[in-house]
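Numbering that gives the first Met the number 0 numbers the first residue of the sequence shown as 0 and each following residue consecutively. Every residue gets a Cβ at the ideal spot worked out from N, C-alpha and C, and that includes glycine. Below you'll find the structure, written out as structure tokens, and then a few comments.
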Amino acid sequence: MDYVKVIVQRDPMEKIPVIVPAHELPILEDVHGRESLVEVPLTKKEAAQLAKQDQELRERIESERQAKADEAGEDYEPLTEREQVEAEHARLEGKYGMHPEIKQSHVEHVYGRVTTGALKAAMGLNRPKAAKADKEPKEPKEPKAPRGQAAKGDKGANEQPPA
């Protein structure tokens with residue numbers, strides 16, 4: 000996951016540095032206004048630490064899901080992309096709340112509902128499906144000849160005998 004470091008200037012005396020996933024930046028802009036945000040580069044140390052934390056978090060979540068499935072005597076299945084997007088949408092709604100002027104959350108104002116796919120794309124989950132390599136491409140079928148005519152290559156009643 001890509002992260003960005005942003006300084007949010009809430010007023011002339013209050014500047015708050017935050018590191019958020021890149022897909023949260025448009026929501027921060029919606030909440031605070033683009034003019035109140037200054038993006039600064041992550042240091043190599045910060046980027047490495049974030050990557051490590053992200054991996055540890057993913058492993059812990061999957062481990063907990065595995066343990067729950069084992070306790071319930073069910074087969075373990077990893078989170079689907081849809082479940083990941085739904086969970087992130089809910090997290091962002093909880094974090095940023097409702098837009099003050101319209102009756103919808105900031106995340107919905109920026110990305111729409113979960114079903115639109117906009118948040119999924121911003122999260123980088125819109126990967127093209129891999130084509131199945133084991134299937135041979137089919138050769139196109141020849142079109143059928145109109146009634147009363149022989150199909151291409153057929154020796155039928157419509158062919159004229161050699162003169």
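Check your understanding: Would you report the Cα separation of alanine 68 and glycine 32, rounded to the nearest angstrom?
Key -> The straight-line gap from Cα to Cα measures roughly 43 Å.
Practice item. Classify lysine 67 as helix, strand or coil using the three-state DSSP reduction. Key: In the structure shown, lysine 67 sits in a helix (DSSP, three-state: H, G or I).
Practice item. Please report the Cβ distance between serine 35 and valine 3, rounded to the nearest whole angstrom; I am assuming they are in contact, meaning their Cβ atoms lie under 8 Å. Key: In fact, because the Cβ distance is near 15 Å, the residues do not count as touching under 8 Å.
Exercise for review: For proline 11, name the three-state secondary structure that DSSP assigns.
Suggested key: Coil at proline 11, not helix or strand.
Practice item. With distances taken Cα to Cα, identify the nearest neighbour of alanine 47 among Ala121, Asp1, Glu80 and Val109. Key: Ranking the options by Cα distance to alanine 47, first place goes to Asp1.
Practice item. With a threshold of 16 other CB atoms inside 10 Å of the CB of proline 99, please say whether the residue is buried or exposed. Key: With fewer than 16 other Cβ atoms inside 10 Å of its own Cβ, proline 99 counts as exposed.
Practice item. Quickly, what does DSSP pair leucine 36 with across the bridge? List them, please. Key: According to DSSP, which records beta bridges pairwise, leucine 36 is partnered with Val7.
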